[in-house]
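See structure below.
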Ligand code: GRF
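Numbering (our numbering), first residue to last: 2 to 186.
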């Protein structure tokens with residue numbers, strides 16, 4: 002069986018990106034490119050240092066969400082991938098993308114709670130005793146596709162930094178597992 006090909010989309014720090022490359026590339030999956038909408042993303046040098054080609058496509062160069070998504074699809078389709086991995090990719094995708102590209106995302110909350118960009122703060126500040134991380138299939142509704150995996154933990158008595166570190170630690174264990182699960186590896 003040939004090795005599965007993936008691309009990773011990211012917008013910022015790229016810690017999940019770096020973790021996935023280190024844990025899975027190139028023996029388990031082949032990361033054929035890392036794509037970002039942010040020319041200043043700190044993940045760019047991280048990917049390049051690990052030998053992954055990076056492609057920058059700035060969403061600000063497009064008037065409409067659909068036009069940006071069309072351009073993304075045009076870049077991704079010839080890469081001939083089995084899966085697109087959204088690792089901190091901070092753009093809402095339209096059906097122009099989601100109808101054409103199979104993608105998964107990681108989100109720092111127990112979905113369907115705390116969707117959107119402020120999940121970590123909202124989850125920390127909630128009166129719930131538990132918090133967690135979800136991986137899910139991507140559709141055109143924000144953080145709403147079918148859930149693949151979830152991990153939860155007790156957050157009582159945690160300070161914010163400890164809470165954030167716990168989320169990161171779980172993300173770095175969970176995402177590679179979910180990627181393998183979706184790719185049937
Ligand atoms: C992670 O918390 C992820 O769950 C969310 O965005 C953050 C990305 O962090 N979708 P990084 O760029 O991987 O460091």
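Note that beta-carbon positions come from the ideal geometry of N, C-alpha and C, so glycine has one too. A quick note: this is a predicted structure, and the numbers were derived from the prediction, not measured.
Per-residue burial, residue 139 [other beta carbons within 10 Å of its own, 16 or more giving buried]: Indexing the chain shown from 1 puts residue 139 at position 138. By the 10 Å Cβ count, residue 139 comes out buried.
Here's a check: name, in chain order, each residue in its chain whose Cβ is nearer than 7 Å to the Cβ of residue 155, leaving out the five neighbours to either side. The residue given as residue 155 occupies position 154 in the chain shown. The beta carbon of residue 155 sits closer than 7 Å to the beta carbons of 130, 131 from its chain, once the five residues preceding and following it are set aside; these are given in chain order.
Nearest-angstrom Cα separation, counted from residue 158 out to residue 43: Here residue 43 refers to the residue found at position 42 of the chain shown. Here residue 158 refers to the residue found at position 157 of the chain shown. If you take the alpha carbons of residue 43 and residue 158, they lie about 32 Å apart.
Within the same chain, show all residues whose beta-carbon is closer than 8 Å to that of residue 143, passing over the 5 residues directly before and after it, in chain order. As a position in the chain shown, residue 143 is number 142, starting the count at 1. Contacts found: 93, 116, 117.
What does a CB cutoff of less than 7 Å around residue 127 pick up in its chain, not counting 5 residues either side in sequence? Along the chain shown, read from residue 1 onward, the residue named residue 127 stands at position 126. Here the set comprises nothing.
What are the complete alpha helix (DSSP H) segments, minimum 4 residues, inside the segment 94-160? Runs found: 96-99, 120-126.
Sheet register partners of residue 31 (DSSP bridge): One-based indexing of the chain shown puts residue 31 at position 30. Answer is 6.
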